[in-house]
Structures are given as C-alpha cells and as structure tokens.
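So the structure is just underneath, and the comments pick up after that.
Put into structure tokens, the structure is as follows:
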C-alpha cells in the first residue's frame, strides 16, 4: 500500500505509467520552473558526462509538454540538442588531444631536439677523445678567469737554460730607506728576503727557478709589461700591492710590497750576485 | 607501445653514457683526498681567489730525490695558511700520489721547501699537487695548483 502511494506521486524510475495530477508536488515544481532554472539544471548535468536515453528524453519532453505547454517542450528540445552538440564537441576534442602533433607540433620538435642534444652530448662526453678536450677547455676557461698562470718555460736569454735549483744566490744591492732585513731564507729551491720598516710595512724579494709555475688572482689584478734593464719585466697591481717579476740568469725574481713603481724598478735594477753555491 | 620502447631505449642510453662519463673522470687521478678534507677545521667557503693573491710552485728531481718549493701570498686578512704537497707520478696516463707533506703557518704568507725520495724512479714524469687552504678566522677557501712537470 505504501509502495503504491509512492508510485502515484513520483512515478517509477523510467517514467512509465506517469499519472501526474494537477495538484501533485511534481506538477507544482514544474510550474515553478522558469527557463533559467531549466538551463541551470541542464548545465549542472554537464559536470558528469552522463546522458539520458532517447526514450527517456522523449518521455520528459512529453511530460513537460503536457504540464507546461508545447512552447516549454520545444525549448527543452532545443536545449537538449545544444547539450548533445556540446557533448559531441567535447568528445571530438578529447579524441584530437591524443594526436598532439596537431595541437603542439613545435613543442614536440623542441622536446625531440633537446633529447637529441642531451643524447649526443652524453655519448660524446663518455668518449675519452671528445671528453678530455672539452673538460680541458672548460678548466682552462675557468682558470683564465680566476687566476693567471705564468709558465716561464724558456728564458729570454737564449744561451741560459732555466735553472732547476738555486746555484747562484742573488740579493738586492739597495734597500728602501727606513726598511731593514728581517727575514732571510735560502733553500735549494728559492731565496726569500723580507724587509720591514717601523710601521711594520714589508716588502719581499723572492728568487726561484724559472721552471716554477706562478698563479695570480686574475680578478683584481692589472698587468703590464714595463721597460727595465731586463728583457721581460711584468708589473702587476693587486689590492694596492705591486708585484714586479722579471727573469735573469735562468731564475725568476719577484719583489712584492706597497712600494712605488720607481722604488720597485730601483730595487730590481740593483740585483747583485751574492754567491755561487757550486763554487 | 612503440613510444614506451623508444623512451625506455633513450633512458637506458642516457644512463649508460652518463655512468661511463663518471668512470672516465675517475681515472684522471686515482688518489683520494678525503684525509685532508676530514682534517680541515673550520667552514669551507665557495669563493676562490678571494683570500689568496699569488702562488708559486716548483719541482726539481736530482739523484732520486724530488724537491718541491712553493710560496703562497695571502691578502692581509688571512690568518693561517695550510698547504698539502703531494708528490705525483704519471702512470698509464693518470697521476698517482707517492707521498705528501703538510706545511702550515699562522700568517698571510708561507714559503717552504720539501724533499722526498719515496717512489722516485727513472723513466717517469712527476709533478707536485698543492692543495692550499687559506683561512680568515675559521672560514677557509681551498685552491689546488700544480707545479711544473719533470721527466726524470
């Protein structure tokens, strides 16, 4: 009995045996609907890509026609057609999206080019013959920008070979006024003398084999070749500190300190042979 | 299916080639320097040549004895310099460590000379690898340079 009452008010799920009286709740609800509400209901239905059967739609149309008149039924039919067309468009787009070369042809080419480059790079980099020159090039560029490497492989005096150890000990014949010798270190490979004044300013005189590698901070350094009595003399300025470097007798000499250019040249040109260790 | 196979092939190729690159890089220098890295106190700085102004390094070999010399001039802010000198021999295209010496000085300048006879035999090429740590307080920067090479 209860079941039959329920059937009378709402009809069955498929809309069969629909007998809606003028006073029924459904009739009142349908009467309260306007076009906007119908449209809204249709749009809400779009969220889930569901569709009623053709048979159901016809019954719905018939029901609305009976209850609200033929005009409302036509509107309903038009809305359904629009909705169906929209659904077909979406399905068509979904199908095309699978063929990305129609939509993003350039992107695919770019991705392919990047992949090819990465593959080529890694393959060549794994081959020693390719990898080593590239790595060396990168290292050299890095060194070039960070440090200056002075490799004095040959002497300007063609008759004199680069000396490997200290055989001739040189000293500076002159000193800057106010400075005294505070440190003297004569080793197999170098000679170091340090001079200091009362304000504890210092300058250093360094003698080493011409075969040594020398590295200087490249970022804050200015270099220039200057004229002295020696063939190759390089002056570098680094944070208010000067380095004067020259070659002579198979050795590389260096004076460093906060001195003027005139003082540096005066000291360099006072170079004197102090003793010959071999003798 | 075809796309998946191509992707798989690309991934395997990339993996193989990149891993072989790492292997190739390792044979440059067979030695490890973990000991000095562990021994270093303080905080490493990523900067290079911000504490050090100039470095010189030389190597000579005579009568089976290798002698190295170096000087490091730091900027006035430098408080300590530590230098590891590695004697290296070239064997089958890669450099092997023979011996090493540590010199350290709490100053902005260091000069030193060291000698070693360990592993020095005729018919090989040698060099010195200098690993330099220049401290400003507890922060240090690390620079590696190499001496001239000597064919003995």
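Residue numbers (the numbering used here), protein chains in the order written: chain C, 751 to 1029; chain G, 171 to 322. Think of the CB as a built atom: it goes at the ideal place given N, C-alpha and C, for glycine as much as any other residue.
A distance of 9 angstroms or more separates the beta carbons of residue 235 of chain G and residue 276 of chain G.
Under DSSP, residue 994 of chain C forms a beta bridge with C:985, C:1005. At a C-beta separation below 7 angstroms, residue 987 of chain C has no neighbours in chain G, since its nearest C-beta there lies roughly 11 angstroms away. When CB distances to chain G are screened at a threshold of 9 angstroms, the residues of the region 999–1013 of chain C falling below it are 1002, 1004, 1006, in chain order. Not a single CB atom of chain G sits nearer than 9 angstroms to the CB of residue 867 of chain C. In the structure shown, the three-state DSSP call for residue 960 of chain C is coil. Per DSSP, the continuous alpha helix (DSSP H) segment holding residue 814 of chain C begins and ends at 804–818. One alpha carbon belongs to residue 960 of chain C, the other to residue 1002 of chain C, and they sit about 5 angstroms apart. By the neighbour-count criterion, in which a residue is buried when 16 or more other Cβ atoms sit within 10 angstroms of its Cβ, residue 931 of chain C is exposed.
Setting aside the 5 residues that flank it on each side, residue 292 of chain G is surrounded in the same chain by 322, each with a C-beta closer than 7 angstroms to its C-beta; the list follows chain order. Look at residue 208 of chain G here: in three-state DSSP terms it is helix. Among the CB atoms of chain C, none fall inside 9 angstroms of the CB of residue 255 of chain G. By alpha-carbon distance to residue 211 of chain G, the top candidate from G:314, G:305, G:316 is G:305. Only residues of its own chain outside the window of five on either side were considered, and among them 308, 309 have a CB closer than 7 angstroms to the CB of residue 213 of chain G, listed in chain order. When C-beta atoms of the region 912–929 of chain C are compared with those of the region 266–274 of chain G, fewer than three pairs fall below 8 angstroms, so the two segments do not count as touching. Considering only beta carbons, the part of the region 228–253 of chain G lying closer than 9 angstroms to chain C consists of 228, 229, 230, 231, 232, 237, 238, 239, 240, 241, 243, 245, 246, in chain order. Rounded to whole angstroms, the separation of the alpha carbons of residue 990 of chain C and residue 230 of chain G is 33 angstroms.
Per DSSP, residue 937 of chain C is not a residue of any alpha helix (DSSP H), being assigned neither H nor E.
For residue 180 of chain G, the chain C residues whose Cβ falls inside 8 angstroms of its Cβ are 865, 869, in order along the chain. According to DSSP, residue 298 of chain G shares a beta bridge with G:257. Residue 954 of chain C has C:944, C:1006 as its beta-bridge partners, per DSSP.
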